[in-house]
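>
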Amino acid sequence: MNADKASARARRTPVSALARKPLHQAVIAALAASANGAPAMAQMEEIVVTATKREESMQDVPVAVSALQGDDLEALRIDTFQDYVAYLPNVTSQGTGPGQNEIFIRGAATSQTIISLSSVQGLQPSVALYQDEQPIALQGRNLDVYATDLQRIEVLPGPQGTLFGASSQAGTVRLITNKPNHGEFEAGFDFGLYDTAGGELSQSIEAYLNVPFTDEFAVRLAAYNDRQGGWIDNRLNDPSNGGWNGSTVVIDRISGGVLPDPVNQTIPIPRNDQLVEENFNDATYAGVRVGFSYLINDDWDILVQHTQQSLDTEGVWAYDPNLEGEESVNRFAPDENEDDFGLTTWTLTGRLAMLDFVYTGGYLDRDVASTIDYTFYTNGGLFSAYYVCYPGNGTYDECFDPSKFYNESTNNTRTTHEFRINTPVENSWRLTAGAFFDEQELASTGQFKIASTANPYFGNLATTLKAPPGTPGINTDGGPFPSEISFVNDVTRTTEQTALFAQVDFDITPELTVALGARWYDIDDQYQGSTSTRNVTERLRAFGTGTEAALRDYFENVEGFNPALGTAAFQAIQSGQLDIGDLSGDGVLNADDTIIRASIDWRLSESVMLFATYAEGFRPPVTNRVGGDASNSQAGAFAGFRIPVYSQTDDLDNFELGFKGDFFDRTFRLNVTSFWSEINNLQTSRFDPTNINFLWFADNVGDAEIFGIDGDFSWLATDNLTINGAFSVLDTEITRLNAELEGIAAPVGSELPYAPEFSANLRARYDFDVPSFADFNNVRGYVSGAITYTGESLVGLKMDAYVVEDTMQRVYQVAGSGISIQREADAFLGAAGGTTLLNETGVPGGRYIQG
């Protein structure tokens, strides 16, 4: 089943700032066993989805929805985050490797993925990720859930906020697992051994077991271990071969202040002799999921599931086109990432009189430990020469080793509860209503080795936090930290949400239905902790209090600055320059509002439907570590600029017209949706160390519009041949941009990032009977092929001064094929396949500079 998945997955991942080259992968072998029978003959099946939180046929739901069924997942060898989106053209994914990716739908994207500090930044994702009923999207990084033993994957494009909440601003992706089966014993395993051209051997094993112990009680177990060999080489740094020469690159818009003259400052060439390694980007997924299902009586049942997964990676999933030789980088610190999570979910379903009742909840606990090479931070910026050259006497005669790194330790926890009711589906009016409760905590400590400790001026830095030990939100003892550590983030963000939702569908006639939904939400976000230079807890309390006395006291007695800064901040609040209206004196940021959804659908026949929908989505606001500070530059567009204390909610309004139809005796299915979306107060992260501040912050930078068409088709060409395809056409545009972003961001009229104008895929599968001979009979098989096309797209909104130059993700295609043969009698399955990235892909020009 999974013969070539890992190398295919790794190779087709578009990486946000470095180009990649053509490659090929070939499968060595795949063996598996299954206690189930052979796959059924290809047919136009009814696909059941839960897009409206009811089980309904996909063709009967007046919502744009895509679904990959279990057979599709098997044939396409889909297992991980990147695999989810490869065959969903209106969905894109961008990031820096396994466990470090985000999902974007229909072009509603920002540039958060290039930030090493995403955990500290805390922006919520715009796309909700669910496993069954449990939302598992997190601030900073989405979970990379291994897709073993799945029933289907559902994608709901466009705002789904009335039923699915805050992170469903641009859409929802749902991983629907196979549940315990009370009807029969099932067991199986898949073993894969595969090779990557120019890389290492990889292997995987997956297994599942379903046992109905009684008519009422059943257990299902799934386990996996997938080690993905690397193919990128960490080469010896050699400036004559495209390597880094060590000089800070003076870029007018970001360099100055520390450098004595606007010229390049020579720095020793960094060395990576001890880290040179071929094929150094390895990843290993290992985990288990167990589910318990108990039928209490004819009306009530309970399901409890637990998933435990570890994801360990080494190296990076990008290469530097400046280096000679294929698929190579220069890294100066050991890039490592350990990502472990445990997810426990429970669902109680039953009937109360004529109402269907569901209570579902979950608890997620995730730990991430990372080491990231930070050397290229010295490529430019206000502080880069300071960290490697400044000797304390005002001259720059000698500079030191610029090698740097960043260590992160982050814990996420999330607890949710949802209660909802559904009225009978046969009614002429139907109600879905419920209440949702959510509590999230993100605790993160990041330690930077930035300053060159070889410089005698720095010596033993003995860095400490600005806040004293015991300050709420601090996860360490406050320091002193190890001598090489020059800056620390130690913060905790707690988010609590309460929401009430309802949707009513009313049949005006048997052919015409209208629906109206609404969701009221109330969200509290509290950011606490400290950095080496800011007491975040006390800063937000002072700004939340908002009095001149509180602000003067904070700047003088907490930060040790001139109290006049507090007076200036107070005046900015009084003039309306700084908004603190939603921040309490405890530093808690509150957002509450109501969003709506309205639709109408018209059934032209039993198999053809038209629908129109208006829906609203949102992302909650977040507070900033350095909120309220005046920008370093107060000239030109920056005159009077202050970092917002918090970013505002950004809203997405979406209008769409859709068509769904089955034709030719249900052998051909076509679903098409056109849409227009408007994003107001677009949230993103910014970094402008010279003009504003040397710390990242969240801001509302402008507005954007998105026009598009997406669709999919399925054609049962013969009893044996099935052809599927999907496409997405996008036209995105930034329509308004804040004045201070002129010259350091993509201008008005630019497209949004990660939004290719055209993407598509085409898949085919041919099922056949294998001729019988001797005792070898009752054998069936299939051959399959697929190709995807992803158009050119912009990489990042570039709302920071470091990477303002246009960088583009080039067009790329991925092709795959496979064959599978299965015998029902002894359940033998043999499979083989391959995937090829057909052309060069990536981003030309420049180095990847982390923040």
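Using our numbering, the first residue of the sequence shown is number 392, and each one after it goes up by one. A virtual CB, placed ideally from N, CA and C, is assigned to each residue, including glycine. Quantities reported herein were computed from a predicted structural model and do not represent experimental measurements.
Do P630 and F723 have their C-beta atoms within less than 8 Å of each other?
Taking the sequence shown and counting its residues from 1, one reaches residue 630 at position 239. Taking the sequence shown and counting its residues from 1, one reaches residue 723 at position 332. The answer is no: Cβ separation not under 8 Å.
> State yes or no: is the C-beta of W622 within less than 8 Å of the C-beta of N721?
Residue 622 sits at position 231 when you count from the first residue of the sequence shown. Residue 721 sits at position 330 when you count from the first residue of the sequence shown. Taking 8 Å as the Cβ cut-off, W622 and N721 do not qualify as a contacting pair.
> In angstroms with no decimal places, state the Cα-to-Cα distance between F472 and R611.
Against the sequence shown, residue 472 aligns to sequence position 81. Against the sequence shown, residue 611 aligns to sequence position 220. When rounded, the distance between both Cα atoms is 23 Å.
> Our contact map puts V905 next to F897 with C-beta atoms below 8 Å; I'd like the distance itself, whole angstroms only.
By one-based count along the sequence shown, residue 905 stands at place 514. By one-based count along the sequence shown, residue 897 stands at place 506. About 6 Å separates the two Cβ atoms, so the contact holds.
> In the DSSP assignment, what are the bridge partners of I496?
Locating residue 496 in the sequence shown gives position 105, counting from the first residue. Partner(s): V482.
> Which partner residues of A613 appear in the DSSP bridge assignment?
As a working mapping, residue 613 is identified with position 222 in the sequence shown. Paired residue(s): Y599 and R680.
> Tell me the rounded alpha-carbon separation between P659 and V779.
Along the sequence shown, one-based indexing puts residue 659 at 268. Along the sequence shown, one-based indexing puts residue 779 at 388. Rounded to the nearest angstrom, the two C-alpha atoms are 10 Å apart.
> Within the chosen definition, does the stretch 1076 to 1089 reach the stretch 507 to 522 through at least 3 CB pairs nearer than 8 Å?
In short, these stretches touch, since the Cβ pair count reaches three.
> Which of the three DSSP states is assigned to R943 in this structure?
Here residue 943 corresponds to residue number 552 of the sequence shown, with the count starting at 1. Helix, per DSSP.
> Using only CA atoms, which one of R1033, L852, P548 and V882 lies nearest to S874?
On the sequence shown, residue 874 is found 483 positions in, with the first residue counted as 1. The shortest C-alpha separation from S874 is found at L852.
> Report back the beta-carbon spacing between Q699 and G753 to the nearest angstrom; my notes put them in contact at under 8 Å.
One-based indexing of the sequence shown puts residue 699 at position 308. One-based indexing of the sequence shown puts residue 753 at position 362. The Cβ separation is near 14 Å, so there is no contact.
> Pairs of beta-carbons, one from the stretch 487 to 499 and one from the stretch 575 to 587, closer than 8 Å: are there three or more?
Contact fails: fewer than three Cβ-Cβ distances are below 8 Å.
> Based on the DSSP secondary-structure assignment, which residues constitute the bridge partners of A578?
Taking the sequence shown and counting its residues from 1, the one referred to as residue 578 is at position 187. Looking at the DSSP assignment, A578 forms a beta bridge with L600.
> In the structure shown, what three-state DSSP assignment does R930 receive?
On the sequence shown, position 539 is the one that residue 930 refers to. Residue state, collapsed to three classes: helix.
> Identify every residue that forms a DSSP beta bridge with W1106.
By one-based count along the sequence shown, residue 1106 stands at place 715. Answer is F1059 and I1114.
> Who are the Cβ neighbours of A458 in its own chain at under 8 Å, not counting the five residues just before and after it?
The sequence position of residue 458 within the sequence shown is 67, counting from 1. So the qualifying residues of the chain are I438, V440, M449, R543, I544, E545 and V546.
> At which residues does the alpha helix (DSSP H) containing L464 begin and terminate?
For this step, residue 464 is matched to residue 73 along the sequence shown. Unbroken alpha helix (DSSP H) run through L464: G461 to L467.
> Measuring only the C-alpha atoms, how far is A1244 from I1178?
The shown model of the chain, from 392 to 1242, leaves out residue 1244, and the question about it has no answer.
> Going by C-alpha to C-alpha distance, which of L702, P571 and N672 sits closest to G678?
For the purposes of this step, residue 678 is taken as the residue at position 287 of the sequence shown. For the residues L702, P571 and N672, the minimum Cα distance to G678 belongs to L702.
> Cα-Cα, which of V949, F495, L739 and D881 is closest to A528?
Walking along the sequence shown from the start, residue 528 turns up at place 137. Residue F495 is the option with its Cα nearest to A528.
> Which residues in the same chain have their Cβ closer than 6 Å to the Cβ of S923, if we skip the five residues on either side of it in sequence?
The sequence position of residue 923 within the sequence shown is 532, counting from 1. Cβ neighbours of S923 beyond the five flanking positions: T854, F878 and V879.
> Buried or exposed: which applies to M745, given that a residue is buried once 16 or more other Cβ atoms fall within 10 Å of its Cβ?
Numbered from 1 along the sequence shown, position 354 holds the residue referred to as residue 745. M745 should be labelled exposed.
> Return the residue from the list E524, G461, G556 and Q965 that minimises the CA-CA distance to I987.
Numbered from 1 along the sequence shown, position 596 holds the residue referred to as residue 987. When each option's Cα is compared against that of I987, the closest is G556.
> I need the DSSP call for F1029, collapsed to helix, strand or coil.
Position 638 of the sequence shown, counted from the first residue, corresponds to residue 1029. Residue state, collapsed to three classes: helix.
> Mind checking whether R1013 and N1084 have CB atoms under 8 Å apart?
Here the question's residue 1013 lines up with position 622 in the sequence shown. Here the question's residue 1084 lines up with position 693 in the sequence shown. First, the residue type needs correcting, since residue 1013 is Val and not Arg in the sequence shown. Contact flag unset, no.
> Per DSSP, which one or two residues make a beta bridge with V911?
Start at 1 with the first residue of the sequence shown, and residue 911 comes out as number 520. The question names Val, but residue 911 is Trp in the sequence shown. Beta-bridge pairing links W911 to L891 and T985.
> Tell me which residues share the same chain as A842 and place their Cβ nearer than 7 Å to its Cβ, disregarding the 5 neighbours each side in the sequence.
Residue 842 sits at position 451 when you count from the first residue of the sequence shown. Here the set comprises Y778, F849, L852 and S877.
> Which residue's Cα is closest to the Cα of V452: E1007, S998 and G1093?
Your numbering for residue 452 matches position 61 in the sequence shown. With distances taken between Cα atoms, V452 lies closest to S998.
> Would you tell me roughly how many angstroms separate the C-alpha atoms of V454 and N688, rounded to the nearest one?
Numbered from 1 along the sequence shown, position 63 holds the residue referred to as residue 454. Numbered from 1 along the sequence shown, position 297 holds the residue referred to as residue 688. Cα-Cα distance, rounded: 34 Å.
> Between which residues of its own chain and L1061 is the CB-CB distance below 6 Å, once the five residues before and five after are set aside?
Here residue 1061 corresponds to residue number 670 of the sequence shown, with the count starting at 1. If we look at L1061 and ignore the five residues flanking it on each side, its Cβ neighbours are G1052 and F1104.
> Does DSSP put S921 in a helix, in a strand, or in coil?
Stepping through the sequence shown from its first residue, residue 921 is reached at position 530. In this structure, S921 counts as strand in the three-state DSSP scheme.
> Using DSSP with H/G/I as helix, E/B as strand and the rest coil, what is N1045?
Position 654 of the sequence shown, counted from the first residue, corresponds to residue 1045. Strand at N1045.
> Quickly, what does DSSP pair A1089 with across the bridge? List them, please.
Walking along the sequence shown from the start, residue 1089 turns up at place 698. Looking at the DSSP assignment, A1089 forms a beta bridge with S1076.
> DSSP has L1143 in a bridge; who is on the other side?
Stepping through the sequence shown from its first residue, residue 1143 is reached at position 752. Answer by DSSP bridge pairing: none, since L1143 is not bridged.
> Find the nearest neighbour of L1107 within the set N803, F1054 and W820, judged by alpha-carbon distance.
As a position in the sequence shown, residue 1107 is number 716, starting the count at 1. Closest by alpha carbon: F1054.
> Is it buried or exposed, L743, if we count other Cβ atoms within 10 angstroms and call 16 or more buried?
Translated into the one-based positions of the sequence shown, residue 743 becomes position 352. That one is exposed.
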